[in-house]
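Protein chains in written order, with UniProt numbering: chain A, 1 to 302; chain B, 1 to 334. The beta carbon of each residue, even a glycine, is placed where N, CA and C say it ideally should be.
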Amino acid sequence: MSTTTVESSAPAGERRPVTAPGKVRGRNERSRGASLASHAVLIVASLTALFPVAWLVFLSLGPDKDDYLHPGRIWGKLSLENYAYVLQDTGFFDWLKSTLVVVLGTTLIGVVVAASTGYAVSRMRFPGYRKLMWVLLVTQMFPIAVLIVPMYQILSDLQLIDSYLGLILVNCTTIVPYCAWLMKGYFDTIPFEIDEAGRVDGLTPFGTFARLILPLAKPGLAVAAFYSFLTAFGEVAFASTFMLSDDKYTFAVGLQTFVSEHDAQRNLMAATAVLIAIPAALFFYLVQKNLVTGLTAGGTKG
Amino acid sequence: MTVAIDRATGKRRGEREPRPGPAQRLKNGFHKHWYAYAMVAPVAVVLGVLVVYPLVYGLYLTLTDATSLNTARTIGVNHIDATYKFIGLDNYADILWGPTAYDRFWSHFLWTGFWTAACVALHYGIGLGLALLLNQKLRGRTLYRMLLVLPWAVPTFVTVFGWRFMLADGGVINTALEGLGLPTPLWLEDTFWQRFAAIMVNTWCGVPFMMVSLLGGLQSIDASLYEASEMDGANAWQRFRYVTLPGLRSVSTTVVLLGVIWTFNQFAIIFLLFGNTAPDAQILVTWAYQLGFGQQPRDYAQSAAYGILLLSILIVFTSFYRRWLNRNEQQLAI
């Protein structure tokens with residue numbers, strides 16, 4: 001991201017005339033008070049952002065399922081017991097496997113299917129173009145409630161309930177159009193002169209796409225893949241409805257199994273949540289620079 | 001869910017196409033379109049099979065009285081054929097103005113509207129405030145940014161459970177409130193506080209996206225605009241009002257629309273925060289899910305009808321939003 005810094009956008013509380021009477025401040029200086037206030041607000045906000053996650057980590061170290069009610073007692077008996085139990089005696093690795101199968105399957109299909117369409121809608125105008133764009137846009141607004149009932153019926157007719165393939169297909173309903181959108185945005189940023197050069201040299205549009213643009217678009221493909229990955233990973237509704245046997249649960253469903261009507265093993269749940277959240281957050285931080293650039297690149301340059 | 005922000009480049013494109021002579025244009029046009037259709041085909045097929053067909057099928061279901069008791073199903077080795085009937089628009093009539101329509105649909109509709117407006121306003125307001133703060137030259141800027149993005153980095157379904165521990169009666173929030181001598185609401189049981197908690201959790205989850213997007217927008221504003229306005233004697237508020245806000249316009253319109261769509265469709269937070277325990281805090285999406293899958297017998301027809309209604313509401317909203325933007329000669333970066 002660019003590093004342009006704008007000094008003058010002080011928060012609401014700190015707005016003041018540029019030159020207060022009696023002293024002259026340079027353009028790039030802020031008053032000490034404004035600085036302190038900025039830091040104070042940011043510190044409070046950061047703590048608010050951090051606390052729920054930190055609290056989850058803390059609770060996961062308390063071995064009793066009711067420890068969350070008496071956090072003070074956890075200090076005396078910090079242990080990794082919950083983690084050991086979760087890793088050894090629950091379906092954690094089954095869930096991991098299901099999650100990976102479903103998420104990677106969805107991502108792969110999403111990116112592969114959507115790439116050429118993203119290119120086509122970025123470069124070509126053809127009859128039906130507007131309709132296609134409209135469908136892609138509308139698909140992104142689908143509430144899960146629209147497709148979940150018919151999908152359930154169709155999948156049960158096809159005996160695909162409780163199968164990875166079924167869930168992958170259902171996830172593709174949102175991921176495919178959205179990958180196409182995302183990649184259109186990325187292809188738009190690649191100069192059209194490259195295509196023209198390719199055509200002049202005798203490449204077909206397919207050739208231009210495959211040999212010139214795709215290699216250039218690798219970062220865009222990666223962003224689309226990351227987003228599909230994160231979206232499919234966090235998907236709750238379809239997974240809760242279509243996966244029935246507990247060795248096929250994804251994490252989003254598996255995590256709910258610790259709380260039943262009669263019993264809530266909150267300590268194990270906390271430990272599992274941390275085991276899921278830490279790699280997910282690390283992955284997010286690894287890719288976030290790309291994600292953020294991909295997200296804002298188009299939207300802000302226009 | 002889905003994220004796609006890009007600039008609208010539609011108009012420019014036509015001018016850039018290679019222009020052969022008029023005689024060849026027809027022929028080339030055919031070729032060009034043939035290529036385009038071939039490249040679009042995979043997505044068109046996927047959308048047709050996975051989206052359009054189920055949508056049409058769902059539309060048909062809404063015109064029937066399908067429930068889990070009369071649809072085709074297989075129990076053991078016995079296959080039972082479907083016995084549901086075609087009943088026309090009765091489902092819609094029942095939802096919109098049948099007896100107890102207020103309790104079932106309109107009360108949830110009002111709450112969903114309030115929920116969407118409140119959450120998006122909070123997301124945008126807090127996100128903009130933090131983006132402005134982070135856009136200053138400040139020590140520890142990168143660290144703040146990393147911490148503030150954290151709620152976005154952790155999967156929602158994980159953090160919601162963290163919030164459940166905190167909000168539980170006797171959880172850390174109530175303990176803290178008690179320590180301060182403040183009342184300790186039953187966050188997960190009392191309707192008002194359930195709604196309050198839902199908005200709070202969703203705000204917490206949604207601010208980072210707004211903040212990051214708006215920060216990107218702020219950084220793309222040309223610094224010379226600020227210098228010029230300062231030379232003209234604009235004070236900080238005027239610079240914010242007349243340089244920053246207009247500079248953010250295209251990002252803002254886009255993220256607000258996305259925010260509205262996502263919040264309106266926000267399933268995971270309310271579903272996981274309350275499960276079945278909060279009939280009055282359900283927004284329309286979770287309520288529709290509950291009708292279709294959270295009760296016995298499952299009411300497939302009504303659930304699908306809710307789905308269609310929800311989609312219609314969003315499409316109408318988006319159309320008006322775009323029209324309003326066009327009237328103000330703004331462009332949606334979508």
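Under a criterion of Cβ atoms nearer than 8 angstroms, the residues of chain A adjacent to Pro54(B) are, in order, Leu147, Pro150, Met151, Ile154 and Thr173. Interface residue (Cβ-Cβ distance to chain A less than 8 angstroms): Ile87(B) is not classified as such. Within chain B, no residue has its CB atom less than 8 angstroms from the CB of Arg32(A), the nearest being about 13 angstroms off. Taken atom to atom, the span from the alpha-carbon of Ala278(B) to that of Glu189(B) is near 7 angstroms. For the pair Leu143(B) and Ser46(A), the Cα-to-Cα distance works out to about 9 angstroms. The stretch 167–187 of chain B makes contact with the stretch 59–73 of chain A, as at least three CB pairs between them are under 8 angstroms. Residues of chain A whose Cβ lies closer than 8 angstroms to the Cβ of Thr83(B) do not exist; the shortest such Cβ separation is about 14 angstroms. Using beta-carbon distances, Thr241(A) counts as an interface residue toward chain B, with a partner under 8 angstroms. The C-beta distance from Thr272(A) to Phe92(A) rounds to 7 angstroms, short enough to fall under 8 angstroms. Taking the Cα positions, Tyr83(A) is about 26 angstroms away from Leu104(A).
Put simply, the backbone Cα of Thr175(B) is about 19 angstroms away from that of Ala270(A).
For the set Tyr57(B), Leu130(B) and Ala44(B), the Cα lying nearest the Cα of Ala37(A) is the one of Leu130(B). Listed by position along chain A, the residues whose Cβ is nearer than 8 angstroms to that of Leu310(B) are Pro143, Ala145 and Val146. For Asn171(A), the enclosing alpha helix (DSSP H) starts and ends at Tyr164 to Asp188. Nearest in C-alpha terms to Ala288(B), of all of Leu272(B), Leu273(B) and Ile308(B), is Ile308(B).
In this structure, DSSP gives Thr67(B) a state outside helix and strand, which the three-state scheme calls coil. The Cβ atoms of Thr156(B) and Cys119(B) lie no closer than 8 angstroms to each other. The stretch 21–90 of chain A contains, as complete alpha helix (DSSP H) runs of 4+ residues, the segments 32–60, 71–74 and 81–89 (chain order).
Between Gly76(A) and Pro63(A), the alpha-carbon positions lie close to 11 angstroms from each other. Distance from the Cα of Lys65(A) is smallest, within the candidate group Leu96(B), Leu63(B) and Phe165(B), for Phe165(B).
For Thr112(B), the uninterrupted alpha helix (DSSP H) run begins and ends at Ser107 to Leu134, by DSSP. Distance from the CA of Val259(A) to the CA of Gln265(A), rounded to the nearest whole angstrom, comes to 6 angstroms.
At a cut-off of 8 angstroms between C-beta atoms, Arg266(A) counts as an interface residue with respect to chain B.
At least one CB of chain B lies nearer than 8 angstroms to the CB of Phe233(A).
Contact between Phe233(A) and Thr99(A) holds, with the beta-carbon distance rounding to 7 angstroms and staying under 8 angstroms.
Beta bridge pairing from DSSP links Phe157(B) with no other residue.
Not a single CB atom of chain B sits nearer than 8 angstroms to the CB of Ala210(A).
Around the C-beta of Ala223(B), fewer than 16 other C-beta atoms lie within 10 Å, and the residue is accordingly described as exposed. Between the stretch 88–95 of chain B and the stretch 58–77 of chain B, the count of C-beta pairs closer than 8 angstroms reaches three or more; the two stretches touch. According to the DSSP secondary-structure assignment, Thr74(B) is paired through a beta bridge with His79(B).
Beta bridge pairing from DSSP links Phe86(B) with Thr64(B).
Contact annotation: in the stretch 258–288 of chain B, residues whose CB is within less than 9 angstroms of a CB in chain A are Leu258, Ile261, Phe264, Asn265, Phe267, Ala268, Phe271, Leu272, Gly275, Leu284, Val285, Thr286, Trp287 and Ala288. As computed with DSSP, Ala224(A) is found in no beta bridge at all. With a 10 Å radius around the Cβ and a threshold of 16 neighbouring Cβ atoms, Lys289(A) comes out exposed. In the structure shown, Val138(A) falls within a helical segment according to DSSP collapsed to helix, strand and coil.
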